[in-house]
Structure formats: structure tokens, C-alpha cells
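Per UniProt numbering, residue 1 is the first one in the sequence shown, and the count goes up by one each step. Here the structure is laid out as C-alpha cells; the discussion comes afterwards.
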Amino acid sequence: MMKLSDLLQKISPLETRGSLTIDINGVNMDSRLVEKGNLFVAVKGTQTDGHAFIAGAIEKGASAILVSEPIPAETPTDVTFVRVADTEDAIGKVATTFYGDPTQRLKLVGVTGTNGKTTIATVLYHLFTELGFKCGLCSTVCNYIGTHAVPTEHTTPDPVTLNKLLGEMADEGCEYAFMECSSHAIHQKRIGGLDFAGALFTNLTRDHLDYHKTFENYRDAKKAFFDGLSKQAFAITNADDKNGPIMVQNTKARIKTYSTRAAADYKGKILEESLEGMLLEINGREVSVRFVGRFNVSNLLAVYGAAIELGVSPDETLRVLSSLHPVNGRFEAIRSPKGVSAIIDYAHTPDALANVLSSIDEIVHGKAQVITVCGAGGNRDKGKRPLMAQEAANRSDRVIITSDNPRFEEPQAIVDDMLAGLDETQRAKTIAIVDRREAIRAAAAMAQAGDVILIAGKGHEPYQEIKGVKHHFDDHEEVRKAFGLEA
Ligand SMILES: CC(=O)N[C@H]1[C@@H](OP(=O)(O)OP(=O)(O)OC[C@H]2O[C@@H](n3ccc(=O)[nH]c3=O)[C@H](O)[C@@H]2O)O[C@H](CO)[C@@H](O)[C@@H]1O[C@H](C)C(=O)N[C@@H](C)C(=O)N[C@H](CCC(=O)O)C(=O)O
Ligand SMILES: Nc1ncnc2c1ncn2[C@@H]1O[C@H](COP(=O)(O)OP(=O)(O)OP(=O)(O)O)[C@@H](O)[C@H]1O
Ligand SMILES: N[C@H](CCC[C@H](N)C(=O)O)C(=O)O
Ligand SMILES: [Mg+2]
Numbered sequence: 001m002m003k004l005s006d007l008l009q010k011i012s013p014l015e016t017r018g019s020l021t022i023d024i025n026g027v028n029m030d031s032r033l034v035e036k037g038n039l040f041v042a043v044k045g046t047q048t049d050g051h052a053f054i055a056g057a058i059e060k061g062a063s064a065i066l067v068s069e070p071i072p073a074e075t076p077t078d079v080t081f082v083r084v085a086d087t088e089d090a091i092g093k094v095a096t097t098f099y100g101d102p103t104q105r106l107k108l109v110g111v112t113g114t115n116g117k118t119t120i121a122t123v124l125y126h127l128f129t130e131l132g133f134k135c136g137l138c139s140t141v142c143n144y145i146g147t148h149a150v151p152t153e154h155t156t157p158d159p160v161t162l163n164k165l166l167g168e169m170a171d172e173g174c175e176y177a178f179m180e181c182s183s184h185a186i187h188q189k190r191i192g193g194l195d196f197a198g199a200l201f202t203n204l205t206r207d208h209l210d211y212h213k214t215f216e217n218y219r220d221a222k223k224a225f226f227d228g229l230s231k232q233a234f235a236i237t238n239a240d241d242k243n244g245p246i247m248v249q250n251t252k253a254r255i256k257t258y259s260t261r262a263a264a265d266y267k268g269k270i271l272e273e274s275l276e277g278m279l280l281e282i283n284g285r286e287v288s289v290r291f292v293g294r295f296n297v298s299n300l301l302a303v304y305g306a307a308i309e310l311g312v313s314p315d316e317t318l319r320v321l322s323s324l325h326p327v328n329g330r331f332e333a334i335r336s337p338k339g340v341s342a343i344i345d346y347a348h349t350p351d352a353l354a355n356v357l358s359s360i361d362e363i364v365h366g367k368a369q370v371i372t373v374c375g376a377g378g379n380r381d382k383g384k385r386p387l388m389a390q391e392a393a394n395r396s397d398r399v400i401i402t403s404d405n406p407r408f409e410e411p412q413a414i415v416d417d418m419l420a421g422l423d424e425t426q427r428a429k430t431i432a433i434v435d436r437r438e439a440i441r442a443a444a445a446m447a448q449a450g451d452v453i454l455i456a457g458k459g460h461e462p463y464q465e466i467k468g469v470k471h472h473f474d475d476h477e478e479v480r481k482a483f484g485l486e487a
């Protein structure tokens, strides 16, 4: 419960009508969720305009309405109206005030970029938990308040859900929170009003152009995150990515860099690698980790840099890093009794497939077969389908094209779109098995000792979404069954 005037302390109203001393017991940007005594914030979205639902919100008992359109000529006397220039800009600030300014009570670190956000945020969460701190995590896979899991639908939730979550983390005594900041979330100001202790940039490749329209818009959405940091914050960027320096061009934060190739504040390289892990050198110290793949060196350097910037000693950081396991569905290896390795990875874009397969190739060196099992999601970018099939065929000895989440499309039609991308040579090493379970079984049957099977696209997902229904399906379980291992 909070006085409306207190709730508005971080924003500048242009006009108000009605009492500002009323008590507000909740903030909502969705009229369908409004309860008696709430403030409803009308936000213009991509599909509709929240201003169209003001009457509905009042009917459900809203006590106050925050708008950016002119206040209607006639309004109920017991409902306060407040007008600001931009409600999308205001919602985060109001929500964070309502939930007790969580980022003044814990240190929040955000991760943005096309690939690696879940990996870095999750490894940071485990690292700081192992170091003895109570932590929160906000990621694509799951949110955590301490060790309590809170399921999520989004990479970055809407500002009300996000601030409620961060508020609960602070109330529960979390000292740190690590979160992914998607480009959608930054662009829609879902992270507005939050005071970040630090921000990390991973990399930038083409993605989400259906939403951002141009690569420049997509890049600028990510950059806006760094532009908004305070001078007390740190900004860690990837010197190996050509957009790394651009991200921090206009930031007030303390800039640090990481690199696997050039001079940087945090520098690392691979000394040895196998499918079980890597021996790395990070800023002159050796550390063995259970993570695999060249891109994970970058991810771990980002993690290392954040830990040092947050005041942990290099030795402590590396000691704990060496004990951590891969993130669910991110380059996770399972070995069969006959010596075949399966890698489960969330790669669901041509670029991610290329990265994972080149990391596998670095280890296998053409000495064994690489068999790739992959599909593509239905009701998503069709342009990536032939490209994914090409990457798989160019970088594997055998390919099994199968289903991912068909959603509302015909699975066979998605498989056909993928096959259409292949020339004769590529087609010769490829078969199609629409049933994903059968495809995994076939790959296991084909493989000889030493071979590597990549099972790409679904990573942590415990389901297969078919015609609006999520059926239980877990790549880990299917691999274990196909390998004859205990469930
Ligand atoms: C395209 C997009 O990002 N949409 C997000 C956006 O919705 P929107 O702007 O389209 O909202 P809208 O439907 O136009 O409605 C406008 C306003 O009217 C309100 N409304 C609407 C109907 C009603 O009856 N009453 C009402 O009050 C809505 O609550 C909203 O405040 O703002 C909403 C609140 O924050 C989000 O839930 C919604 O996410 C949709 C569901 C979504 O699918 N988003 C995806 C694309 C997304 O955000 N993905 C990224 C990461 C992706 C990745 O990296 O893989 C993520 O962070 O998850
Ligand atoms: N630093 C990296 N560079 C390139 N590819 C990476 C990197 N880290 C992870 N990947 C690949 O991208 C996939 C997704 O990784 P992760 O889930 O950590 O990324 P994300 O940024 O959270 O993605 P999303 O936007 O889907 O939430 C991994 O399964 C792996 O194949
Ligand atoms: N955030 C992405 C994840 C895709 C994962 C893949 N398994 C698929 O279903 O395409 C999306 O919803 O487009
Ligand atoms: Mg993610």
C-alpha cells in the first residue's frame, strides 16, 4: 500500500485530476489483471493501445489511471487521473517505486547481446551463490529468488512482473540479482527505473528483425541499455565483436573489455580442450572448467570480469568457476556406454549452429563422425530453415532433419523447407525423420565409439509444442533412453 503522490515521486506529471493522497494497493499495465484499489497504467503497445481499456480498468475497481493521452472530459469523481508525456517511460519508474526500489537494496547486473545471455546470467548466479551470497536470477529458462524457482514465459518480463520479482528478491535478502535484458525489453523500457550495478555485452548478429526492422535499430536498442547506466556502474564489453566498442560509446559507466584474441582488461585463451571441458588461461592464471566451446571462453571471461568488478578476488572466482557445470541445454555432453558423445544445445539459428559445430570440430578434428539432429520451429522466421540445414550439412558427416516445435504448422512442411536449402552433395548425407524421438534413436544407432551427436534447437525445453499443446519432451531423457542409460 502506498500513497499515490509517493508512487509518482520518480516521474513528472503534466496534469492531474482528483486526489493524490489516495492509497494505491497495486500497479498494473493490463486491464484484465486490475483489482480494486490499483493504479492502471495505459501503455501503447505493438498490437493495441492500453488507453482503450481505461473504462474496463475502472470497472474492475482501479482507483487511479496514468495516461499519456489527454484526460477524458468526464471522469468518475472517485478515480484520479494523472497525465505524463510517455507512459511507457513512466511504468518502470512507478513499478520500481511501488516494489520498494529493489535496486537500491540489491546489486543488479544485466546481460545483453544476441547469444550467451542465459549462459552468462546463470553462471554468475551459480558463482555468487557458491561464494556464499543469496542471489536472484531472471533468465529465459527460469527465474530464481534464492533457490526458489519461479517459472517464466519471457526472457525479460514486463516491468510490473520484473519489479515484483526483484522486490521479492530484495525482501528475501538477496544481495545480488543477475538478469538477461532482451532487445525487446530494452526497447519497450521494461527495465526503466532500474539502477544497474553493472552491464555486460556478449555479441550481436542478425536476430529479431521481424520486430526491430533493421540491424541498426536492433543494435541501438542494445546500446540504449549502456547509455542509461550511471557512472557508478561498470560496463563490460566484448572487444572481439565489432559492435562491442559501439555499445559503450556513450556510456557514463566504467568501461572494461574482454577478449580471446587481443589486449583487454579480461583476456583468456584455450590451452587444452575435450568434450568434457577446457583448460583455460585467464589473465595469466590457469583454470580448468567443465564448459566446452570457443564461445564459452568469451562467456566465462564476461563472468570473470563481472566478478572482479563486483569485488571478488581472482583466485576465489577461478576456484568456484572450475567447479561449475554447464547451463541446462547449453553445450551439455552425455556419454554412452559404448563411447559416443551427445551434445545437447539450444542453437536454433544458422549462426548458433555454425558456432556449436565449429566448436565440436575443433575437438574432433575430423577423427570421428559428427552427426547432427536438428529441426526448426513452426510459426517463426521461415528464412532461417534452409540456412540451418546448410550449416548442419556443411559442418557434419551425417544430418538428420527432424521436428522442433511445429506449433501450428505441418511438421513435414517445415522439414521440406529445410531440405529445400540443400544441394546434391549436402542432400546425400542427410535423411529426414519427422518424429524427433525416432531421429534421436536413429542417430544413436548410427554412431560408432568416438562419434559426436549434436542435438540442437531445444536445449532446456521440456516440451514439444504441437497445435497449441505442449507435450512433455526432453532431449536429455531421449538421449539417455537411446543410449540405454538409466532415466
Ligand atoms: C512484441 C512484444 O514484445 N510484445 C510485448 C508487449 O506487448 P504489446 O506492446 O504488443 O502489447 P499490446 O498487446 O499492444 O497491448 C498494449 C497494452 O494494452 C494492454 N491491454 C491489452 C489488452 C487488454 O484487454 N487490456 C490491456 O490493458 C496490454 O497489457 C499492454 O500494456 O509488451 C507486453 C508487456 O510487457 C509483453 O508481454 C509482450 O510480449 C509478447 C507476449 C511477446 O511475445 N514478446 C516476445 C517477442 C518477447 O518479448 N521476447 C523477448 C526475447 C526474445 C528472445 O530473445 O528470444 C523476451 O524478453 O522474452
Ligand atoms: N558467446 C556466444 N557466442 C555465440 N554463440 C553462443 C554464445 N553463447 C552461447 N551461444 C550459443 O547460443 C545458444 C543460446 O545461448 P544462450 O541461451 O546463453 O543465449 P541467449 O542470449 O540467452 O539466447 P535467447 O535470446 O534465446 O534467450 C547456445 O545454445 C549456444 O549454441
Ligand atoms: N525464443 C525463441 C526460441 C526458439 C526455440 C526453438 N526450439 C523453436 O521452437 O523455434 C522463439 O520462441 O522463437
Ligand atoms: Mg536467453
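Where is the CB? At the ideal position from N, CA and C, for every residue including glycine.
Query raised in the report: Looking at valine 292 and ligand 2, is the gap between the Cβ and the nearest heavy atom below 6 Å?
Result: For valine 292, the shortest C-beta to heavy atom distance toward ligand 2 is 6 Å or greater.
Requested in this report: Considering only heavy atoms of ligand 3, list every residue whose Cβ is less than 6 Å from one of them, following chain order.
Outcome: Listed along the chain, these residues meet the criterion: His348, Gly377, Arg380, Asp404, Asn405, Gly457, Lys458 and Glu461.
Query raised in the report: In whole angstroms, what is the alpha-carbon distance linking threonine 202 and phenylalanine 81?
Result: 42 Å
Query - Buried or exposed (CB count within 10 angstroms, at least 16 for buried), phenylalanine 483 - result: buried
Report task. Look up alanine 354 in the DSSP assignment and say whether it is helix, strand or coil. Result -> In this structure, alanine 354 counts as helix in the three-state DSSP scheme.
Query raised in the report: Short check: CB of valine 370 to CB of isoleucine 360, under 7 Å?
Result: yes
Query raised in the report: With distances taken between CB atoms, is the gap from valine 399 to threonine 430 smaller than 7 Å?
Result: Taking C-beta atoms as the reference points, valine 399 and threonine 430 count as a pair closer than 7 Å.
Query raised in the report: If you check the beta carbons only, do tyrosine 258 and leucine 310 fall under 7 Å apart?
Result: Not in contact: tyrosine 258 and leucine 310 (Cβ atoms no closer than 7 Å).
Query raised in the report: Are isoleucine 455 and alanine 342 close, meaning C-beta to C-beta below 7 Å?
Result: At the C-beta level, isoleucine 455 and alanine 342 come within 7 Å of one another.
**Report entry** Nearest-angstrom Cβ-Cβ length linking isoleucine 145 and methionine 169, presumed shorter than 8 Å
**Finding:** Here isoleucine 145 really is in contact with methionine 169; their C-beta atoms are around 5 Å apart, less than 8 Å.
Query raised in the report: From valine 109 to tyrosine 218, what distance separates their C-alpha atoms?
Result: Straight-line Cα distance between these residues: approximately 21 Å.
Query raised in the report: Which runs of the beta strand (DSSP E) fall wholly inside the stretch 132-198 and span at least 3 residues, in chain order?
Result: 135-138, 143-145, 148-150 and 176-180
Query raised in the report: For lysine 470, does the count of other Cβ atoms within 10 angstroms reach 16, so buried, or fall short, so exposed?
Result: exposed
Requested in this report: Could you name the residues that DSSP lists as bridge partners for methionine 418?
Outcome: For methionine 418, DSSP assigns no beta-bridge partner whatsoever.
Query - Assigned secondary structure, threonine 80 (DSSP; H/G/I helix, E/B strand, else coil) - result: Correct three-state label for threonine 80: strand.
Report task. From the DSSP output, in three-state form, read off aspartate 474 for me. Result -> coil
Query raised in the report: Any heavy atom of ligand 2 closer than 6 Å to the Cβ of tyrosine 346?
Result: Tyrosine 346: yes, Cβ under 6 Å from ligand 2.
**Report entry** Delimiting residues of the beta strand (DSSP E) encompassing lysine 213
**Finding:** No beta strand (DSSP E) contains lysine 213, which DSSP labels as neither H nor E.
Query raised in the report: What separation, rounded to the nearest whole angstrom, lies between the Cα atoms of valine 43 and glycine 56?
Result: 14 Å
Query - Buried or exposed by the 16-neighbour rule on C-beta atoms within 10 Å, applied to lysine 107 - result: Lysine 107 is buried by the Cβ-count criterion.
Query - Alpha-carbon to alpha-carbon, lysine 223 and serine 403 - result: 35 Å
Requested in this report: Give a single yes or no on whether aspartate 158 has its beta carbon closer than 6 Å to a heavy atom of ligand 1.
Outcome: yes
Query - Close beta carbons around lysine 93, own chain, < 8 Å, minus the five adjacent residues each side - result: Lys10, Ile11, Gly192 and Gly193
Query raised in the report: Looking only at C-alpha atoms, which of Phe133, Thr112, Thr260 and Ala264 sits nearest to phenylalanine 226?
Result: The candidate whose alpha carbon is nearest that of phenylalanine 226 is Thr112.
**Report entry** Contact set, ligand 4 heavy atom to C-beta under 7 Å
**Finding:** Lys117, Thr118, Ser139, Thr140, Thr155 and Glu180
Query raised in the report: Which stretch, first to last residue, makes up the alpha helix (DSSP H) that contains residue 494?
Result: As shown, the chain starts at 1 and ends at 487. That puts residue 494 outside it, with no answer to give.
Requested in this report: Just mark tyrosine 463 as buried or exposed, buried being the case when its beta carbon has 16 or more other beta carbons within 10 Å.
Outcome: Exposed, since its Cβ has fewer than 16 Cβ neighbours within 10 Å.
Requested in this report: Return yes when at least one heavy atom of ligand 1 lies under 6 Å from the C-beta of threonine 46, else no.
Outcome: yes
Requested in this report: List the whole-angstrom C-beta distance separating glycine 293 from valine 356, where the pair is believed to meet the contact cut-off of C-beta under 8 Å.
Outcome: 7 Å
Query raised in the report: My guess is that asparagine 243 and threonine 119 are in contact by the Cβ rule of under 8 Å, so how many angstroms apart are they, rounded?
Result: The beta carbons of asparagine 243 and threonine 119 sit about 19 Å from each other, so the pair does not count as a contact at 8 Å.
Query raised in the report: Should proline 326 and phenylalanine 291 be called a contact, given that it needs their Cβ atoms to be closer than 7 Å?
Result: Less than 7 Å divides the Cβ of proline 326 from the Cβ of phenylalanine 291.
Query raised in the report: Cα-Cα, which of Ala239, His472, Ala306 and Met278 is closest to tyrosine 125?
Result: Ala306
Query raised in the report: Short check: CB of glycine 329 to CB of histidine 472, under 7 Å?
Result: Not in contact: glycine 329 and histidine 472 (Cβ atoms no closer than 7 Å).
Query raised in the report: How should alanine 149 be labelled, buried or exposed, when 16 other C-beta atoms within 10 angstroms of its C-beta is the threshold for buried?
Result: exposed
**Report entry** Sequence ranges, alpha helix (DSSP H) only - wholly within the stretch 33-105, length at least 4
**Finding:** Listed in chain order, the alpha helix (DSSP H) runs fully inside the stretch 33-105 are 54-59, 87-98 and 102-105, counting runs of at least 4 residues.
**Report entry** the stretch 416-431 touching the stretch 387-398, judged by at least three CB pairs closer than 8 Å
**Finding:** yes
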